[in-house]
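Quick notes on the structure that follows.
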Amino acid sequence: MGGTAQDRVVPGGRRYVPIAEHGLIGDLRSVALVGTDGTIDWYCCPAFDAPSVFASILDAERGGCFELAATVPARTKQFYFPDTNVLITRFFTEDGVGEVQDFMPVGGGRAEAERHRLIRRVVCVRGSIPFRTRVAPRFDYGSLPHTVRLTGDTAEFETERLTLALTATVPLAADGPDVCGDFKLSEGDSAVFALDKVGGAVTPRRCARTEAEEQFAATVAYWRRWLSASRYKGRWREMVHRSALTLKLLTYAPTGAIVAAPTTSLPEELGGERNWDYRYVWVRDAAFCVYALLRLGFTGEAEAFMDFVTRHISPGDGKTSGPLQIMYGIDGRTELPERTLGHLEGHHGSAPVRVGNAAADQLQLDIYGALIDSIYLYDKWAKPISSGHWDDVCALVDWVCAHWDQPDEGIWETRGGRRNFLYSRLMCWVAIERAIRMANRRGLPADLPRWRECRDTIYRRIMSRGWCEERGAFVQHEDGDVLDAAVLMMPLTKFIAPTDPKWLSTLDVLTEELVSDSLVYRYDPRSSPDGLRGDEGTFSICSFWYVEAMVHAGRIDEARLAFEKMLTYANHLGLYAEEISHTGEQQGNFPQAFTHLALISAAFNLDRALG
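This is the structure we're talking about:
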């Protein structure tokens, strides 16, 4: 797969490339976004949710960046070294071809992990090419000044909280708070830049060409070894494996946490206010990720997340939002205060830029079903859960039995007030139903008569008050008539038969009103106000749910066409953001775990249906 960059050169300063014109590298602690022009636009150190060092994707002038590109006119293309998360950006000029190999070494012991090394290796593969680099960190989202100390081939960028060391195999020069370098490479020549977090026992260490070569090989070997565990052998192997590699990059190795996305405030609508911080562990998203990874055979990641759940997500803290929060920090913390960074203009001027997330205090009942379903699948496909974990499950199910019928903010985290959302009821049913299955299969102790009575009550409530006779469809919330793509999960959770007349009617109505060229809107904010201004794009997870729902309904040809169309909306590397605009552009935080896990599930089920 290749992609062509758009020029950034704008009089008066560097501007923005589209969200989709980026690739992703990482070390299972943090990630960097690399634009198709060779610029690192986003990097937080030392963790996903740490303040940014490079954030020019959110403010072209104040955010900071790491530029590395040819200094002559060039076409660029980007691809991943096969079956890895090593990213290569190629520069095609009149006088030669060069490439920048970007990667973050994984493993290597605790000391190397603390270094958080980011390596950029430049190679001239044909002819000769002049290159230029500019390393312009802007610490703490561009709010914290730093000093620069340049000694030989090492530059140290220092603040009171964080120090980064840049080493290079080419001469560097200070330029105010930045460091620059110009160099020319001929065929076979290479240059290496390494950016390390230093301090304490970690000191600046030059990355020679031989070490860069060794770490490149070791990083390639790590990713290929990891991917070799995949059991997927179907028709869409490249896309499924890219999605799996992306989900792995969104895993925080020290705790097993899985973040929803590695960025904050990338807009769901250019110029709009729907800009949120997704660098946290959504119980729902992470639980669905476990399902996708288990499907492919990656039980280690599922086990690590279950360990995270056991350590950090236990019932009984007495919060008004219930025993579970909808999201946690990657270290399990519960306080995620939301604030606005007024000094950053936002991507293409899309303010506000937010860090933290006030939705952490919302009540979203569906998370109980997502979590317990993932525990059920782990218990079934990986290894039996412990007695202590089962006690926690029982406590959660008992809480759900007592609280399922209250209004909540729902899966889409609307800020327009609580309602009796059908999806929330559905997933409460899933929570109880899956727990009953576990108890029956393993003979575990449970209050089964109460659980069955509550499960059946929820079922009847959904079938009576979630069904709108006038629309001929299941609707967003009780006693209403608004459509919502979340109901696509009804057959996928085995709540309703996929060929039930009521479901097939719902599928037809959703197709008519919320589907556009295989792309699915979550809902219509004009008919269902969500407390926010502006519109949004189609929601990519819903588009893959739609594919899967049609598979289960027996509409295989339609499902396959919709799936193939969705693949055309991926970026040049096979990555997806949260939403897709009416012109086909990626919108929202990038890449989005939700989208990639739904792609895996849709591909798996479509493959199985096609035989």
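Counting in the numbering used here, the sequence shown runs from 95 upward without gaps. Built from N, CA and C at the ideal position, the CB exists for glycine as well.
Where residue i falls, given that 16 or more other Cβ within 10 Å makes a residue buried
i	result
residue 129	buried
residue 567	buried
residue 333	buried
residue 571	buried
residue 606	exposed
residue 64	Lying outside 95 to 705, the shown extent of the chain, residue 64 is not represented and no answer is given.
residue 595	exposed
residue 672	buried
residue 100	At residue 100 the pLDDT is 36, less than 50, meaning the model places this residue with poor confidence and gives no usable figure here.
residue 542	exposed
residue 574	buried
residue 359	buried
residue 249	buried
residue 610	exposed
residue 135	buried
residue 433	exposed
residue 678	exposed
Closest by C-alpha distance to residue i, when choosing among the options
i	options	result
residue 423	192, 351, 455	351
residue 498	483, 556, 587	556
residue 686	573, 656, 582, 374	374
residue 704	650, 659, 220	650
residue 81	524, 701, 505	This structure does not reach residue 81, given that the chain is present from 95 up to 705, and the question cannot be answered.
residue 184	201, 176, 177, 164	164
residue 174	689, 187, 283, 667	667
residue 711	547, 553, 355	What is shown of the chain runs 95 to 705, which leaves residue 711 out entirely.
residue 582	642, 550, 678, 549	642
residue 480	363, 403, 117	403
residue 49	275, 307, 314	No information on residue 49 is available, as it lies outside the stretch 95 to 705 that the chain covers here.
residue 454	430, 460, 518	430
residue 307	601, 530, 217, 518	217
Residue interval of the alpha helix (DSSP H) (run including residue i)
i	result
residue 483	481-497
residue 553	542-559
residue 320	303-321
residue 473	460-475
residue 331	331-343
residue 142	Neither: residue 142 is in no alpha helix (DSSP H) and is coded neither H nor E.
Contact check, residue i vs residue j, beta carbons under 8 Å
i	j	result
residue 192	residue 223	yes
residue 235	residue 449	yes
residue 357	residue 638	no
residue 528	residue 467	yes
residue 503	residue 458	yes
residue 228	residue 161	yes
residue 377	residue 465	yes
residue 391	residue 323	yes
residue 279	residue 197	no
residue 441	residue 361	yes
residue 648	residue 676	no
residue 290	residue 258	yes
residue 652	residue 660	no
residue 283	residue 262	no
residue 288	residue 264	no
residue 341	residue 386	yes
residue 576	residue 640	no
residue 451	residue 371	yes
residue 271	residue 292	no
Below-8 Å beta-carbon distance, residue i vs any chain B residue
i	result
residue 426	Absent from the structure is chain B; it holds one protein chain and no more.
Residues near residue i in its chain [Cβ-Cβ closer than 7 Å; skip 5 each side]
i	result
residue 244	266, 268, 273
residue 532	470, 473, 538
residue 253	233, 238, 240
residue 593	647, 648
residue 405	426
residue 102	Below a pLDDT of 50, predicted positions are generally treated as unreliable, and residue 102, at 41, falls in that range; no measurement from the model is reported.
Nonlocal neighbours in the same chain, by C-beta distance under 8 Å from residue i, ignoring five residues either side
i	result
residue 206	199
residue 189	166, 221, 222, 223
residue 182	172, 173, 174, 175, 193, 194, 195, 196
Cut-off 6 Å between Cβ atoms - residues of its own chain near residue i, not counting five sequence neighbours on either side
i	result
residue 153	438, 439
residue 347	122
residue 388	396, 471, 475
residue 145	234, 235
residue 514	501, 571, 572
residue 337	690, 693, 694
residue 114	665, 680
residue 133	159, 161
Residue interval of the beta strand (DSSP E) (run including residue i)
i	result
residue 136	134-138
residue 712	Coverage of the chain is limited to positions 95 through 705, which leaves residue 712 absent and any answer about it impossible.
residue 569	Premise fails: residue 569 is in no beta strand (DSSP E) and is neither H nor E.
Residue i: CB within 7 Å of a non-hydrogen atom of the ligand HEM
i	result
residue 178	No copy of the ligand HEM occurs in the structure displayed, which carries no ligand at all.
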